[in-house]
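Quick notes on the structure that follows.
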Amino acid sequence: MNIRDMHGLDEVRRRFLDGHSLPADLLPPAVASSWERSRKAGLSPWDKRLSGRWRAHELSSSDSRLAACAQPELDRLWGIFGGQDWALFCVNLEGVIVYAKHASQPDTVDSLKVGKRVNEVDIGTTAPSCTLHEQQPFIVCGGMHYLKEFENFFCVSVPVFGVRGELVGAIDITGIGQRNATAVLEQLKIASMAIESRLYSGLVDCQIVALQFDARLIGTPFQGLVAFDQNGRFCAANKVAKKILGIDASAPVESSLDWDSFFERGPQSIVVNSPSLIALNDGSSVYAQSLSLPGGAQPAARLRHTSPGVGHDPALNQQFNMASKAFAASIPVILQGETGTGKEVFARALHDSLNPGAPFIAINCSAIPENLIESELFGYVEGTFTGARRGGAKGRIEEAHGGTLLLDEIGDMPFNLQTRLLRVLQEREVTRLGSSERHPVDVRVISATHCDIHKLIEEHRFREDLFYRLNGMQVRIPALRQRQDMEDIITKLTQRYQGGAIHPAALELLKNQEWRGNIRQLEQVIRLAVALAGAGLVILPEHFPGLEQPDEKRDEKSLKEFERKKIQDALDANGGNVKATAQQLGVARGTIYRKLKME
Ligand SMILES: Nc1ncnc2c1ncn2[C@@H]1O[C@H](COP(=O)(O)OP(=O)(O)OP(=O)(O)O)[C@@H](O)[C@H]1O
1 MNIRDMHGLD EVRRRFLDGH SLPADLLPPA VASSWERSRK AGLSPWDKRL SGRWRAHELS
61 SSDSRLAACA QPELDRLWGI FGGQDWALFC VNLEGVIVYA KHASQPDTVD SLKVGKRVNE
121 VDIGTTAPSC TLHEQQPFIV CGGMHYLKEF ENFFCVSVPV FGVRGELVGA IDITGIGQRN
181 ATAVLEQLKI ASMAIESRLY SGLVDCQIVA LQFDARLIGT PFQGLVAFDQ NGRFCAANKV
241 AKKILGIDAS APVESSLDWD SFFERGPQSI VVNSPSLIAL NDGSSVYAQS LSLPGGAQPA
301 ARLRHTSPGV GHDPALNQQF NMASKAFAAS IPVILQGETG TGKEVFARAL HDSLNPGAPF
361 IAINCSAIPE NLIESELFGY VEGTFTGARR GGAKGRIEEA HGGTLLLDEI GDMPFNLQTR
421 LLRVLQEREV TRLGSSERHP VDVRVISATH CDIHKLIEEH RFREDLFYRL NGMQVRIPAL
481 RQRQDMEDII TKLTQRYQGG AIHPAALELL KNQEWRGNIR QLEQVIRLAV ALAGAGLVIL
541 PEHFPGLEQP DEKRDEKSLK EFERKKIQDA LDANGGNVKA TAQQLGVARG TIYRKLKME
């Protein structure tokens, strides 16, 4: 029997559900085993699992790290393979989506959202479920899916391994239509290697060395990566590095391995800024470059792509590109902008563009009481003050070691602490309160403020020398009303709160506001509108009660007609099934009937 014979396949599904075996050679053995497991999990091939209500799973910090490492790759692949009715996503080991990329308009795969679990027990055989089970790439097309619901779907998935070679998740492209499977598979494999490289930056206390026989491959997904701890003991290596260093990929790594087991000369022979040829113990040579020696530019920056996290405003993106170069060269960046313009989001995107797995510590200088800020920033030793924790505590600056320190509202930093902060930044060492012991800190610094720092300097409220230390490059984050990508931001925020389409009149209304509170204010307004309209339902001007409505009388009839059409579209997509439509939109069935009768 042929897998494309849908009629015959329905019969196979029916018999399979009745306990019969699958015809021999119908499916590759690993896919057939997945069908068996799907049946055992109690799924019927006729179940509808794509839309409808689902429980959002909370993401852990390692999920967020995986998502941050996957995001630039999936966003890049979206430009090649994306489109309406397609989704690119990354799942963790449990099959929970940690990052997803979709078309801006709602479509068939719209429900593949962050937090949704798409495990075998949830939706049966798919490429990611096979990949997570077998730890291998899979192409699962059309009738190979266990659920009939997916018989038009094309799905390719590739595993993602962590720094110690353990499976951490998978990346996947899913959609309706055709794509060149070989090309997709190759691109996903390269993306997965780039994600694996990014995960290395999470090993903050290690020296990470990039290796390749061809120096041009260093800084690309094809580089080998090997990590050593501060005592030179071997910690981890990716597949490429294992091959180069002659480590048996299938054998458990010997704990006795260290730097000297591989290299003729010590770690100081490896340069940070460029690859240099070094000798291996077996007599051959390889290009090597250190990625984590303190203070230097990190070649991992070569894996960077423009972060879409900051939006699509051309002027802002240009600033982002410049700032990310400065940031990669350890030049401190200062962000100025009105409240709520996205300064922290910009800072986070800078960090993620370079070092997503490393710590990102944000300190809001205006939010910490003045008497606590010193211990919060610099840490303390036991017994320094009443209420101090036993054993003392690291300060926030030390926590950022190996990563990024965001000093938010820097203009509110108490004057007497500015001197101490300056010393830490100059000496790259921190001394905890009550101690004289110095701890090295290697951090990249971003500061943010809505104040005019020059005015504060004139008023002797801010140290000029600290300002020059922090101000390696200044970025002015535009107010929302000055941005050209307001529509994109509105769509993004609406999706964030699971709202439906926005009526053009509602969009106009949003675009014509002053937005003194910028994106933060817009976010609150959209959140309320989604709550008033109902999740998944069309947002109309009346769902913005706090906004000044235009004077002219609105055409209520056409607004209702627009809403009715959107619901009708959802109903058509669900084959006229009101229950499924109501589930998909997250409303009661009665609401669907009422809205279709135009109230
Ligand atoms: N490009 C963007 N797209 C979508 N949401 C955004 C974007 N930029 C910022 N936001 C959202 O706007 C809100 C405010 O952002 P953020 O905290 O970065 O602003 P801020 O300038 O640091 O604010 P403040 O000056 O008050 O510290 C957050 O909820 C954030 O998620």
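Under full-length UniProt numbering, read the sequence shown as residues 1 to 599, first letter to last. For each residue, glycine too, the CB sits at the ideal point set by N, CA and C. As the structure is a prediction and not an experimental result, all values here were calculated from the model.
Residue i: CB within 7 Å of a non-hydrogen atom of ligand 1
i	result
Leu537	no
Ile446	no
Thr339	yes
Leu493	yes
Glu523	yes
Lys597	no
Gly311	yes
Arg516	no
Arg520	yes
Ile489	yes
Val345	yes
His450	yes
Asp408	yes
Gly500	no
Gly283	no
Gly342	yes
Exposure label - residue i; buried when at least 16 CB within 10 Å
i	result
Gly143	buried
Lys40	exposed
Arg304	Caution applies to Arg304, whose pLDDT of 34 falls short of 50 and renders its modelled position unreliable; the model cannot decide the point.
Pro23	exposed
Thr182	exposed
Pro356	buried
Ile80	exposed
Asp452	exposed
Met6	exposed
Glu11	exposed
Tyr468	exposed
Pro369	exposed
Gly295	Bear in mind that the predicted position of Gly295 carries a pLDDT of just 34, short of 50, making it too unreliable to give a figure here.
Span separating the alpha-carbon of residue i from that of residue j
i	j	result
Gly590	Leu596	10 Å
Ala30	Gly95	18 Å
Gly165	Ala227	13 Å
Gly392	Leu532	49 Å
Lys148	Leu17	13 Å
Lys242	Asp248	7 Å
Ser157	Thr494	29 Å
Gly83	Asp172	14 Å
Arg570	Ile123	Residue identity check: residue 570 is Ala in the sequence provided, not Arg. Going by the C-alpha atoms only, they are around 21 Å apart.
Glu514	Leu480	8 Å
Cys69	Val160	11 Å
Phe385	Leu377	15 Å
Ala501	Thr125	31 Å
Ser436	Ala349	36 Å
Gly52	Ser192	30 Å
Tyr593	Glu561	14 Å
Ile218	Gly224	8 Å
Glu374	Arg496	36 Å
Leu280	Ile489	52 Å
Arg15	Asn152	21 Å
Ala580	Leu199	40 Å
Leu316	Asn512	21 Å
His145	Pro504	39 Å
Val333	Cys206	26 Å
Closest Cα partner of residue i within the set the options
i	options	result
Arg444	Pro314, Ala582, Glu186, Leu354	Leu354
Phe213	Ser192, Leu245, Thr131, Thr449	Leu245
Leu93	Asp107, Gln105, Cys130	Cys130
Leu50	Arg76, Pro369, Thr174, Ser104	Thr174
Pro106	Val538, Leu456, Gly576, Ile592	Val538
Ser447	Pro221, Asn518, Val345, Pro541	Val345
Ser197	Asp205, Leu185, Ala210, Arg37	Ala210
Phe89	Val114, Leu335, Arg65	Val114
Ala482	Ala347, Arg516, Glu459	For the sequence presented, residue 482 should be read as Gln rather than Ala. Of Ala347, Arg516, Glu459, the residue nearest in Cα terms is Arg516.
Ile331	Gly472, Pro221, Val240, Leu372	Gly472
Lys325	Gly202, Gln474, Ser38	Gln474
Trp35	Leu112, Val140, Ser62, Ser111	Val140
C-beta neighbour in chain B for residue i, strict 8 Å
i	result
Gln426	In the structure shown, chain B cannot be found, because there is only a single protein chain.
**Report entry** Complete beta strand (DSSP E) runs within the region 89-119 (minimum length 3 residues, chain order)
**Finding:** 97-101
Requested in this report: Note down, one range per segment and in chain order, each beta strand (DSSP E) of at least 3 residues found wholly within the region 531-582.
Outcome: none
Query raised in the report: Taking the runs of the alpha helix (DSSP H) that are 4 residues or longer, which of them lie wholly in the region 337-392?
Result: 343-354, 370-378
Requested in this report: Scan the region 231-297 and note each continuous alpha helix (DSSP H) run of 4 residues or more that stays entirely inside, going in chain order.
Outcome: 239-245, 259-262
Query raised in the report: Which ranges does the beta strand (DSSP E) cover as unbroken runs of at least 3 residues, wholly within the region 386-427, from first to last along the chain?
Result: 404-408
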